[in-house]
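Have a look at the structure below, then the notes.
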Amino acid sequence: MAMFGGAYNTIAFDAAKCDGCGDCMTACATAKTGTVDQSRSRIQIVGSEHDGFELALCRQCGDPKCVTVCPAAALTKNGDSGVIEWNASKCVDCLLCTVGCAYAGIALDAGSGHVAKCDTCDGAPACVPACPHQALTYITTSRIYNEVGDWEDLFAPGLAGCQGCNTELLMRHTLRRVGPETVLATPPGCVPGMGSVGFNGTTGTKVPVFHPLLTNTAAMLAGIKRQYRRVGREVNALAIAGDGGASDVGFQSLSGAAERNEQILFMVVDNEGYMNTGMQRSSCTPYGAWTSTTPIGKGSGGMPSQGKTQDAKNLPLIMVNHRCEYVATASTAYMQDLYDKLDKAIQASKRGFAYLHVYSPCTTGWRFPTDQNMEVARKAVETNFVMLWEYNPKDGLEFTRPVDDPLPVTEYLKAMGRFRHLSPDQISHIQGKVVENLAFVKQMAHRQSA
Amino acid sequence: MTTAILETPSQTQPAKQKVMLCEGNEAAALGVALARPDMVAVYPITPQSSLVEHVAKLIADGRMDADIVDAEGEHSVLSVLQGGALAGARTYTATCGPGLAFMFEPYFRTSGMRLPIVMSIVTRDGITPQSVWGGHQDAMTVREVGWVQVYCETVQEVLDTTIMAFKIAEHHDVMLPVNVCLDGNYLSYGTSRVELPDQAEVDAFMGVKDVNWHVALDPLRPMAVDPLTGGSGGKGPSTFVRYRKGQCRGMQNSLRVIEEVHEEWAQRFGRRFAPLVEEYRLDGADYAIMTLGSMTGAAKDAIDEARDAGKKVGLIKIKTFSPFPVEALLKSLNKVQALGVVDRSVGFRWNCGPMYQETMGVLYRLGRHVPSMSFIGGLAGADITVGHFHRVIEATEKLLSSPAPIEPVWLNEKD
């Protein structure tokens, strides 16, 4: 059972698809008032300050201000459905809630003389199917929160990630999903650096956890998994590793374990460098990026030092060429996509090697404000700087979230300080590589699916 | 291949044993099979290759029930076994030379995690110059890393010691990895008569397997293996010291356990090997030469001839090199007035052989001056013959009346 404060199913609005026809309002008014008076609809489509339309609708907030301001306890959040319910017998018609809500999600219904708000029609909102353009969807992303939130958090409270880092959340969600019958390897880097293996005799994790060497994560896990298989015990072998330990010095053991198809789930948290040790360059660091070992300077002989001079190694594509049981890229800005892939990777790891490559922006090392992590992750995908796809030997490679109309890569680059120094030539190099990489993966997707 | 004998019952006493002919690498593989490891990880390297080939064939033929991991390099070989051991597996591998060098990162860690992994080192000289032949340089280079290291003299001793190594490593007072060193070329390929112990007798000798009672990666008893330890604050310094002292204690305990296991082996199987230090014709000797590994055979022949010629010379052989058997060696050194130490490797820092360097520390504890000198021979597969040992004996004898030379004698310098 979900706890109060959780996230729940809600109605999502895609402004780009809305033409303001008002069919949703008619459907709502019909369902809730038996009239076709759009002014009585709980969902209101209003003209935007710019072109297009905006949505005025109850978000069924996790921290609802309308509930807080109500002096009569007439508004409550239903812990099961997540819907904020209005109780007519308690309401004193003071309208404070309409002031408290930032979304205009609760308003006076002149027809009844009381406030009215969306109750999601008991999970089957009338407005959604009424939209002829699919601008409204009844989304289920809250599955993650409601399901996973009920599973035990297998990390200790109080891990010490940098402010604004999403790796801790990623770790917690991943281990919750994989479950307690797990041996967890976290090679040197941010993941143990924030205390998951503990310090001086303590532990930060409720499942068996260890520091492999930076170099031998996959090999050690292979030995563990094989012995449990030998004695007939079902134990998950999970690695949560950084990009440096996977793509550079740990690559040999990673490749060897993949070639032997060891039954391991190997997750790489790619923050594009050795961030835990002070933001040094790895082979996953992108072209042009500042790191502490690719610093910016005037150089010598008229050749300024302008960040990394090579393109990033595409580790997930290399893993595809090992013909692993499952390979996927994911982003912390697209949790539903990530979760679907995590589920598939867990299943695949029972048959053989599964590899999950999660792009994880580093607020400290990439130099962006600590509240911008999801935004940076999202821009990486929206510009095609990062592509989300999955691969298995049977179905080949497929995009899971194709971006057909990408933003210019500058939208991504300008979001952080590590690219601040880029010259126009460098930016066009990066934009060219984005186009080239997309074409390459598309070709691969086409070929392998054929 | 003579492994069919493994299943052949025998009526001989005290233990049922079959006689066969095999090379040292095969003897090691047969010893491994008799010890019944759960997991073997392999990567081939000269002169170890035929050893892991024999192991692979024993498994392929169903004569050995172990999971074999053909890893992509020695670094992963030892890493796979660490994982296996932490999950409760009895584990084995073999390597040498550059393979051991590549393995060094997990090698250092194995003793720190107290994992009772057994690994043969089919000893090989170091590169460069490029060389694929025998020498002790590889094993000597890693002697300060907390592994127990024992050196074999004969093919039979390779077989027997390989089995004993598991029992020593897994003893609860030890819990340390063990290297069984067999000389590349001379023992690896040297073919000799061996007696093969009966499986049931070996099973009784080995007892119950219990390898991860002290440290494990097991969801049934979750723990953090190797949390960040040390630093200058909190519990750091004392915690780190506790780990290191424990390792030193395990090493010292192993000296007693090695003796006990060798004694039990002698009782059960009728073959007695000196566990730490062997004395050969040392009683009544004025001076002694000291050896390690397969060179000892030729050295004993030279000692016999010298004794026949009236020279009062004896021999001290080291079997257990790590931990260095200080007390046992003190007893032997107490009997002599001069000492010549023959190494099959080079100690670059002291301009002498590494065993000589170690022995000088023991000589200091004698409390009296015993003149000594270092001989270096048998590098990169070179032979140390009876003739070479006569030169060693003559030079050592001169120490009784002349000052000891500072420079080592390079036995194969003019070969």
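One line per chain: the protein sequences are A and B, in this order. Per the working numbering, residue 1 is the first one in the first sequence, and the count goes up by one each step. Per the working numbering, residue 1001 is the first one in the second sequence, and the count goes up by one each step. Every residue, glycine too, gets a C-beta built ideally from N, C-alpha and C.
Counterpart residues of residue i in DSSP-defined beta bridges
i	result
B:VAL1178	B:VAL1118, B:VAL1148
B:MET1290	B:ILE1316, B:VAL1341
A:ILE139	A:THR10
B:SER1374	B:VAL1341
A:TYR391	A:VAL327, A:LEU397
B:MET1039	B:ASP1067, B:THR1091
B:ASP1183	B:THR1123
B:GLN1017	B:PRO1197
A:GLN227	According to DSSP, which records beta bridges pairwise, A:GLN227 is partnered with nothing at all.
A:GLY242	A:VAL269
B:GLY1347	B:CYS1352
B:ALA1224	A:VAL209
A:PHE385	DSSP lists no partner for A:PHE385.
Residue i - containing beta strand (DSSP E), residue span
i	result
A:LYS298	296-300
A:PHE266	265-270
B:SER1192	1191-1197
B:THR1091	1091-1095
A:LYS117	114-117
A:LEU397	396-399
A:ASP109	106-109
Buried versus exposed call for residue i [16 or more other C-beta atoms within 10 Å across all chains shown]
i	result
A:PHE13	buried
A:GLU439	Reading the sequence as shown, one finds Ala at residue 439 of chain A and not Glu. When all chains shown are included, A:ALA439 counts as exposed.
A:PRO316	buried
A:THR35	exposed
B:LEU1006	Low confidence applies here, because B:LEU1006 scores a pLDDT of 44, under 50, leaving its location unreliable and the question unanswered by this model.
B:GLU1144	exposed
B:TRP1350	exposed
B:TRP1420	In the structure as shown, chain B starts at 1001 and stops at 1415, and residue 1420 of chain B therefore has no counterpart that could be examined.
B:HIS1136	buried
B:ASN1334	exposed
A:VAL92	exposed
A:HIS211	buried
B:TYR1364	exposed
A:MET303	exposed
B:GLU1074	buried
B:ALA1302	buried
B:HIS1172	exposed
A:VAL191	buried
B:HIS1054	buried
B:ASP1067	buried
A:CYS61	buried
A:SER48	exposed
A:ASP405	exposed
B:GLU1157	buried
Coarse secondary structure for residue i, derived from DSSP in three states
i	result
B:CYS1022	strand
A:THR182	strand
A:GLN60	coil
A:SER81	coil
B:TYR1107	helix
B:GLY1352	The question names Gly, but residue 1352 of chain B is Cys in the sequence shown. Strand, per DSSP.
A:TYR274	strand
B:LEU1276	coil
A:LEU55	strand
A:ASN236	strand
A:LEU75	strand
B:SER1322	strand
A:PHE199	strand
A:THR285	coil
Residue interval of the alpha helix (DSSP H) (run including residue i)
i	result
B:ASN1253	1236-1269
A:PHE251	251-259
A:VAL67	65-69
B:ILE1168	1155-1170
A:CYS101	Neither: A:CYS101 is in no alpha helix (DSSP H) and is coded neither H nor E.
B:ARG1307	1295-1308
B:ILE1059	1049-1060
Exercise. Mind listing, in chain order, the continuous alpha helix (DSSP H) runs of no fewer than 4 residues lying wholly within the stretch 296-376 of chain A?
Key: Listed in chain order, the complete alpha helix (DSSP H) runs (minimum 4 residues) inside the stretch 296-376 of chain A are 315-320, 335-348, 363-366.
Quiz item: Which runs of the beta strand (DSSP E) fall wholly inside the stretch 27-53 of chain A and span at least 3 residues, in chain order?
Solution: 44-47
Quiz item: Taking the runs of the alpha helix (DSSP H) that are 4 residues or longer, which of them lie wholly in the stretch 1361-1410 of chain B?
Solution: 1386-1398
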